[in-house]
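**Student:**
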Amino acid sequence: MSCCSGNYPTNQCPLRMSDGRAFTDYSPRCNFNAYINSKLAENKMIKSSYEMRLYLQQNYDKFIEEERKKAIDNISPCGECGVGDLINDRNKELNNKYSVQCDGVSCYKTLVNPQGLGTTKFF
Numbered sequence: 001m002s003c004c005s006g007n008y009p010t011n012q013c014p015l016r017m018s019d020g021r022a023f024t025d026y027s028p029r030c031n032f033n034a035y036i037n038s039k040l041a042e043n044k045m046i047k048s049s050y051e052m053r054l055y056l057q058q059n060y061d062k063f064i065e066e067e068r069k070k071a072i073d074n075i076s077p078c079g080e081c082g083v084g085d086l087i088n089d090r091n092k093e094l095n096n097k098y099s100v101q102c103d104g105v106s107c108y109k110t111l112v113n114p115q116g117l118g119t120t121k122f123f
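The sequence shown runs 1 to 123 under UniProt numbering.
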C-alpha cells in the first residue's frame, strides 16, 4: 500500500479530494484589493482602478508564483511521501498527455506522455 493512499484528515491536512479545495483561497475580495492597494502604495502609484489593472497585468507572474508557493506550503506537511518535494522539483510546465490531430474528416487522439497532463490539439 502506498504512503499516499490513506484518507487521513488532520489539523494541517485537508481530506484528499480532487476538486481543488486544498488550493482554493476563500478569503474575501476586499482582502485581495487591500493587498494590491498596499503594493501600489509601496511603489508610489496612484490608486485608481486603471493603475490597479495595469499593475496586475505587468506583475501577474509574481502573483502566480506567490499563489503557487502558498498552495505548495498548504499541502507539503501532508505529503508523507514527499508531495511538496515532488511539486517543487518538477518543471512549472508539464508536458501534455495526449495529442489530438484533426483533418477534414475526423480526429485522432494519441498518447504522448503517460505522466503528462492535458491535451494538445492540432488542426
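Where is the CB? At the ideal position from N, CA and C, for every residue including glycine.
Taking DSSP as the reference, what is the three-state secondary structure of S49?
**Tutor:** Here residue 49 corresponds to residue number 49 of the sequence shown, with the count starting at 1. Helix.
**Student:** Alpha carbon to alpha carbon, what distance is there between V100 and L86?
**Tutor:** Position 86 of the sequence shown, counted from the start, is the residue given in the question as residue 86. Position 100 of the sequence shown, counted from the start, is the residue given in the question as residue 100. At L86 the pLDDT is 47, less than 50, meaning the model places this residue with poor confidence; the figure from the coordinates comes in the next sentence. Looking at the two C-alpha atoms, the distance is approximately 28 Å.
**Student:** How is K97 classed by DSSP in three states: helix, strand or coil?
**Tutor:** On the sequence shown, position 97 is the one that residue 97 refers to. The answer is coil: DSSP assigns K97 none of H, G, I, E or B.
**Student:** Under 8 Å by Cβ, that's how I've got N96 and L111 pegged, so tell me the actual separation to the nearest angstrom.
**Tutor:** Counted from its first residue, the sequence shown places residue 96 at position 96. Counted from its first residue, the sequence shown places residue 111 at position 111. Not a contact, Cβ separation roughly 10 Å.
**Student:** In three-state DSSP terms, what is K39?
**Tutor:** As a first step, residue 39 is located in the sequence shown; it is residue number 39 there, counting from the start. Helix at K39.
**Student:** Following a CB-centred definition, is G104 positioned closer than 7 Å to any heavy atom of the ligand NAP?
**Tutor:** No copy of the ligand NAP appears in this structure; indeed no ligand is present at all.
**Student:** Is K44 helix, strand or coil by DSSP?
**Tutor:** Numbered from its first residue, the sequence shown carries residue 44 at position 44. Looking at K44 - three-state DSSP - the assignment turns out to be coil, as it is neither helix nor strand.
**Student:** In angstroms with no decimal places, state the Cα-to-Cα distance between Y108 and T119.
**Tutor:** For this step, residue 108 is matched to residue 108 along the sequence shown. For this step, residue 119 is matched to residue 119 along the sequence shown. Looking at the two C-alpha atoms, the distance is approximately 12 Å.
**Student:** Could you tell me the alpha carbon to alpha carbon distance between Y55 and V105, rounded to whole angstroms?
**Tutor:** Locating residue 55 in the sequence shown gives position 55, where the first residue counts as 1. Locating residue 105 in the sequence shown gives position 105, where the first residue counts as 1. C-alpha separation (whole angstroms): 46 Å.
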